[in-house]
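Taking it in order: structure first as structure tokens, then the write-up.
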Amino acid sequence: MADDESAARAQAWYLYLVETAAGALYTGVTTDVARRFREHRDGKRGARALRGKGPLTLRHSEYVGSHGEALRREAALKKLSPAAKRAWLAARGGEAPSS
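Mapping the sequence shown onto full-length UniProt numbering, position 74 (from 1) lands on 74, and the numbers just tick up by one.
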């Protein structure tokens, strides 16, 4: 049973949102949120869309299960307007206070 559990965790996918210094929200999926955020922040293997846009802040991450489900959730979130993304994020407790 422990092997099944380990295999399931190895295939665990997460949805995450990163905010740029200008307030733009970037959505992505990964199996390791901490590693992926570090890659974005350090700029070497991060998304091109985030390069030079720091400092970056991880606003939200959640376990979604399979890779397919993560991609579907990411696509749905990317279709939202910036205001709708912020409302979605605020409903989950990931919104920073406005400055």
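Heads up, the beta-carbon is just placed ideally off N, CA and C, and yes, glycines get one too.
{"Check": "Alpha helix (DSSP H) segment containing L71, residue limits", "Outcome": "67-78"}
{"Check": "Start and end residues, beta strand (DSSP E) containing L50", "Outcome": "Taken as a continuous stretch (DSSP letters only), L50 belongs to no beta strand (DSSP E), as it is neither H nor E."}
{"Check": "Sequence-distant residues of its chain with Cβ nearer than 7 Å to H40 (five each side left out)", "Outcome": "V18, G46, A47, L50, L56"}
{"Check": "As assigned by DSSP and simplified to three states, the class of R92", "Outcome": "coil"}
{"Check": "Whole-angstrom distance between E69 and L25, CA atom to CA atom", "Outcome": "20 Å"}
{"Check": "Local Cβ density within 10 Å of S81, reported as buried at 16 or more and exposed below that", "Outcome": "exposed"}
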